[in-house]
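In our numbering, the protein residues as written are 2 to 108. Where a beta carbon is used, it is the ideal one built from N, C-alpha and C, also for glycine.
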Amino acid sequence: MSNKEYTIRQEQLARFAKAMGHPARIAILQFLAKQETCYFGDIHEELPIAKATVSQHLKELKDSGLIQGEVETPKVKYCINRDNWQLAKELFGGFFGQCLCKKEDCC
2 MSNKEYTIRQ
12 EQLARFAKAM
22 GHPARIAILQ
32 FLAKQETCYF
42 GDIHEELPIA
52 KATVSQHLKE
62 LKDSGLIQGE
72 VETPKVKYCI
82 NRDNWQLAKE
92 LFGGFFGQCL
102 CKKEDCC
């Protein structure tokens, strides 16, 4: 990159990676990915996450685009954002698949 700017794909990959950078968020994503429809309820009741921190983690995941949700009083509805989930899968696959060193003794 001669212009010293990051590509859109690099920025998106970093955004997804940052959002996934906490075990609680990974747990939330794994839980939501197993749901056949959007989840209505309190995620803290399903996962080992303190209620006080759940909304912060959900906000980070939603801001990254990995999940989508809305408040439907008195419950909140969340689900995986399927389009961005597929994009993340492609970006991470491409990122981890780019290593040319195939030998175990590279370094």
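Beta-carbon proximity list for residue i, same chain, < 6 Å, skipping 5 on both sides
{"i": "A51", "result": "none"}
Local conformation of residue i per DSSP, three classes
{"i": "Q69", "result": "strand"}
{"i": "K63", "result": "helix"}
{"i": "K78", "result": "strand"}
{"i": "L88", "result": "helix"}
{"i": "G94", "result": "helix"}
{"i": "M2", "result": "Confidence at M2 is low in this model, with a pLDDT of 48, below 50, so the placement of that residue is unreliable and no value is reported for it."}
Span separating the alpha-carbon of residue i from that of residue j
{"i": "D64", "j": "G94", "result": "22 Å"}
{"i": "A53", "j": "P24", "result": "16 Å"}
{"i": "E91", "j": "K76", "result": "32 Å"}
{"i": "A20", "j": "R10", "result": "15 Å"}
{"i": "L62", "j": "K103", "result": "34 Å"}
{"i": "Q13", "j": "H58", "result": "18 Å"}
{"i": "G42", "j": "G98", "result": "37 Å"}
{"i": "M2", "j": "Y40", "result": "Because M2 sits at a pLDDT of 48, beneath the cut-off of 50, its placement in the model cannot be relied upon, and the following sentence gives the value as read from the coordinates. In a straight line, the C-alpha of M2 is about 42 Å away from that of Y40."}
{"i": "K60", "j": "G70", "result": "9 Å"}
Residue i, buried or exposed, once every other Cβ within 10 Å from all chains shown has been counted against 16
{"i": "R83", "result": "exposed"}
{"i": "E105", "result": "exposed"}
{"i": "Y1", "result": "Absent from the model: residue 1. The displayed extent of the chain is 2 to 108, so no value can be given."}
{"i": "F96", "result": "exposed"}
{"i": "L101", "result": "exposed"}
Contact set for residue i: own chain, Cβ-Cβ below 7 Å, skip 5 residues either direction
{"i": "L48", "result": "A28, I29, F32"}
8 Å Cβ shell around residue i - same chain, five flanking residues per side excluded
{"i": "W86", "result": "A34, L67"}
{"i": "H45", "result": "A51, K52, V55"}
task: Just list the alpha helix (DSSP H) runs in the stretch 12-61, keeping only unbroken ones of 4 residues or longer that don't cross its boundaries, in chain order.
output: Within the stretch 12-61, the complete alpha helix (DSSP H) runs of at least 4 residues are 24-34.
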